[in-house]
Amino acid sequence: MRRYFVWTVGCQMNKAESQRIAGYLDSAGYQGVNSLSDADLVVLNTCVVRQSAEDKVLGTLGLLKGMKDKHSGLQILVTGCLVNSDSEELERRFPHVDLLFKPGAYSDLIAWCERPGASVEQESLSYPLAALRASAERNNTSRPASPCAFVPIIQGCDNFCSYCIVPYRRGREVSRPLEEIVCEVNELARRGTREVILLGQNVDSYGHDLPGHPDLADLLNKLGSIDGINRIRFLTNHPKDISPKLIDAVASLDKVCEHLELPVQAGDNDILRAMRRGYSVEQYRELVRIIRRRISQISLSTDIIVGFPGETEEQFEHSLALVTEMRFDVVHAAAYSPRPGTVASREYHNDVPSEVKKKRLNKIEERQAVIAGQINAQLQGREVEVLVEGRKKGKWFGRSRGNKLVFFEDAGDWLGRLARVHIGRTSPWSLVGEVTK
Ligand code: SAH
Ligand code: SF4
Ligand code: F3S
Numbered sequence: 001m002r003r004y005f006v007w008t009v010g011c012q013m014n015k016a017e018s019q020r021i022a023g024y025l026d027s028a029g030y031q032g033v034n035s036l037s038d039a040d041l042v043v044l045n046t047c048v049v050r051q052s053a054e055d056k057v058l059g060t061l062g063l064l065k066g067m068k069d070k071h072s073g074l075q076i077l078v079t080g081c082l083v084n085s086d087s088e089e090l091e092r093r094f095p096h097v098d099l100l101f102k103p104g105a106y107s108d109l110i111a112w113c114e115r116p117g118a119s120v121e122q123e124s125l126s127y128p129l130a131a132l133r134a135s136a137e138r139n140n141t142s143r144p145a146s147p148c149a150f151v152p153i154i155q156g157c158d159n160f161c162s163y164c165i166v167p168y169r170r171g172r173e174v175s176r177p178l179e180e181i182v183c184e185v186n187e188l189a190r191r192g193t194r195e196v197i198l199l200g201q202n203v204d205s206y207g208h209d210l211p212g213h214p215d216l217a218d219l220l221n222k223l224g225s226i227d228g229i230n231r232i233r234f235l236t237n238h239p240k241d242i243s244p245k246l247i248d249a250v251a252s253l254d255k256v257c258e259h260l261e262l263p264v265q266a267g268d269n270d271i272l273r274a275m276r277r278g279y280s281v282e283q284y285r286e287l288v289r290i291i292r293r294r295i296s297q298i299s300l301s302t303d304i305i306v307g308f309p310g311e312t313e314e315q316f317e318h319s320l321a322l323v324t325e326m327r328f329d330v331v332h333a334a335a336y337s338p339r340p341g342t343v344a345s346r347e348y349h350n351d352v353p354s355e356v357k358k359k360r361l362n363k364i365e366e367r368q369a370v371i372a373g374q375i376n377a378q379l380q381g382r383e384v385e386v387l388v389e390g391r392k393k394g395k396w397f398g399r400s401r402g403n404k405l406v407f408f409e410d411a412g413d414w415l416g417r418l419a420r421v422h423i424g425r426t427s428p429w430s431l432v433g434e435v436t437k
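The C-terminal position of the sequence shown is numbered 437 in the numbering used here, with every residue numbered one higher than the one before it.
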């Protein structure tokens, strides 16, 4: 039996797609292994959001080339955001790659598994490839159900923020039909999933391209009535698009967690304009005020880019001040990286030296560590509900409704169950406690 390994970098969308790829390969008679060096078939699911991510991908491709030179039976498949429309150029650069397929183009993967001479033993198929192809077309999969499952609801992005390569690699927005998502979540619930995390580059755009224009709030309402599902999250929201109706849905639907990912990207209006984000700092601040008033327990995460072209010390200080003022639960900060094809890489000069970017990154991270430490310390002595996802270093771990990572020790089997955990110790990154029931 041929052994496969799916190597993944990038965002949750990539993780979701890797789970799906693994599901197809299982059904096509391959066996999953835990390390790249044990595999006969490696699928690289790639990310190019920053040069550092792309470098990691290129490094692994180089490593695999060396492995293939020694072990000619090794097959290498590449998907994710490295795969652009110029597949000829990629084929020239990476002749050792057996198949390039665009993100989500599962039918290409399945056709490759079906090709004449494919070394899958027919008797090892758990069901015929034709059925597999049909299920791929319905976006279904036979993947094993985990307590938390990612469910993509909208692909692509129409926003074209000036720094971002995603719209060029993932194409325009395409929503999945509402009934199809409901069907998938029903199936996941039946197979043991307790939490679904709905994914899209901009989930607030969900449904604008579907007949009847259902929106995310409508979808949440439908999913909220599925038995067996205890929790629903979604990401990412866009500050210019999030609607009062959605905020109401989060406030009123029990299963929807008090947790929003609301990337601000910068705390300076000139930078926000150059980024083409479509809102001002004042609008963002007002939005957060409305959200906090409506949902008092809300846990807020954000993304910030430092060192955007032309960012002065003073403009950076505006971002730092916003982090201090907003008291986010989590801040993902990144140094600006010019990406081919984007407006910013064409029109602006990448003029903030990398040492300065690093310094700014550190300042944001240090400030946020203090804030997250204070926010988490308030949970000491309180009880939180944790959906247990697995074990790490002898402890059970999972997340609270507010997306805090929580650890506890207990002899029982907690996998996939909801635990009430009394919080003893806290840090900026996680909580530790004891299960009460
Ligand atoms: N759709 C989401 C996420 C997009 S990519 C959103 O709108 O926020 C994830 C994060 O990577 C972004 O939020 C942004 O902070 C960061 N990012 C994107 N392009 C980047 C670039 N060229 N340089 C540095 N960080 C970037
Ligand atoms: Fe990129 Fe902006 Fe789209 Fe997010 S909203 S994926 S940052 S273009
Ligand atoms: Fe990376 Fe593509 Fe996601 S560039 S962040 S894998 S959408």
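Just so it is clear, CB atoms sit at the ideal spot from N, CA and C, and this is done for glycine as well.
query, result
"Any heavy atom of ligand 1 closer than 6 Å to the Cβ of T236?", "yes"
"With distances taken between CB atoms, is the gap from E409 to K395 smaller than 7 Å?", "yes"
"Would Y336 pass as a contact of F308 if the rule is Cβ separation under 7 Å?", "yes"
"Is it buried or exposed for A22, if we count other Cβ within 10 angstroms and need 16 for buried?", "buried"
"Is V331 near ligand 1, judged by its Cβ being under 6 Å from some heavy atom?", "no"
"Considering only the alpha carbon of each residue, which of E365, I229, V264 and I295 lies closest to V281?", "V264"
"By alpha-carbon positions, which one of R391, G341, N350 and H422 ends up nearest to I165?", "G341"
"Quick one: grab the DSSP three-state call for W429.", "coil"
"Counting only runs that start and end within the stretch 259-310, where is the alpha helix (DSSP H) found for 4 or more residues in a row?", "269-275 and 281-294"
"Does the structure place the stretch 221-235 close enough to the stretch 180-194 that three or more beta carbon pairs sit under 8 Å?", "yes"
"Take R276 and list the residues in its own chain whose beta-carbon comes closer than 6 Å to its own, dropping the five residues that flank it on each side.", "C161 and S162"
"DSSP beta-bridge partners for T8?", "N45"
"Is the distance from the Cβ of E258 to the Cβ of G29 below 7 Å?", "no"
"Keeping to the same chain, check which residues put their C-beta closer than 6 Å to that of L125; ignore five residues upstream and five downstream.", "Note that L125 scores a pLDDT of 49, beneath 50, so its modelled location is shaky and nothing firm can be said."
"Measure the alpha-carbon distance for L431 versus L235 and round it to whole angstroms.", "23 Å"
"If contact is defined by three or more beta carbon pairs under 8 Å, each pair taking one atom from either stretch, is the stretch 381-392 in contact with the stretch 412-424?", "yes"
"Please list, in chain order, all residues of the same chain as A377 whose beta carbon is under 7 Å from its beta carbon, the five residues on each side excluded.", "T426"
"Hey, could you find the ends of the alpha helix (DSSP H) R233 is sitting in?", "That residue, R233, is in no alpha helix (DSSP H); its beta strand (DSSP E) goes R231 to L235."
"Does DSSP put R138 in a helix, in a strand, or in coil?", "Summary for R138: the model assigns pLDDT 46, below 50, so the residue's position carries little reliability; its value from the coordinates is reported in the next sentence. Of the three classes helix, strand and coil, the one that applies to R138 here is coil, per DSSP."
"Which two residues bound the contiguous beta strand (DSSP E) that contains T60?", "Careful: T60 lies outside any beta strand (DSSP E), inside the alpha helix (DSSP H) at Q51 to K70."
"Taking DSSP as the reference, what is the three-state secondary structure of T79?", "strand"
"Thinking C-alpha only, which one of R382, T60, L199 and P167 is nearest M13?", "L199"
"Can you grab the Cα-Cα spacing for the pair A321 / A251, in whole Å?", "28 Å"
"Mapping the DSSP letters down to three states, classify Q201 as helix, strand or coil.", "coil"
"Say yes only if the C-beta of P167 is nearer than 6 Å to one or more non-hydrogen atoms of ligand 2, and no if none qualify.", "yes"
"Could you give the residue range of the beta strand (DSSP E) that holds K437?", "Premise fails: K437 is in no beta strand (DSSP E) and is neither H nor E."
"Within 10 Å of its beta-carbon, does T8 have 16 or more other beta-carbons around it, so buried, or fewer, so exposed?", "buried"
"Taking the beta carbon of G267 as the centre, do at least 16 other beta carbons fall within 10 Å, making it buried, or is it exposed?", "buried"
"For N202, count neighbouring Cβ atoms within 10 angstroms of its own Cβ and tell me buried if that reaches 16, exposed if not.", "buried"
"Select from D204, T436 and H96 the residue whose C-alpha is nearest the C-alpha of I64.", "Note that residue 64 corresponds to Leu in the displayed sequence, not to Ile. If we check each option's Cα against that of L64, H96 comes out closest."
"My output table needs one value for P211: the three-state DSSP class, helix, strand or coil.", "coil"
"Taking 6 Å as the line, does the beta carbon of Y336 fall inside it for any heavy atom of ligand 1?", "yes"
"Quick one: grab the DSSP three-state call for G373.", "helix"
"What residue range does the beta strand (DSSP E) around H332 cover?", "V330 to A335"
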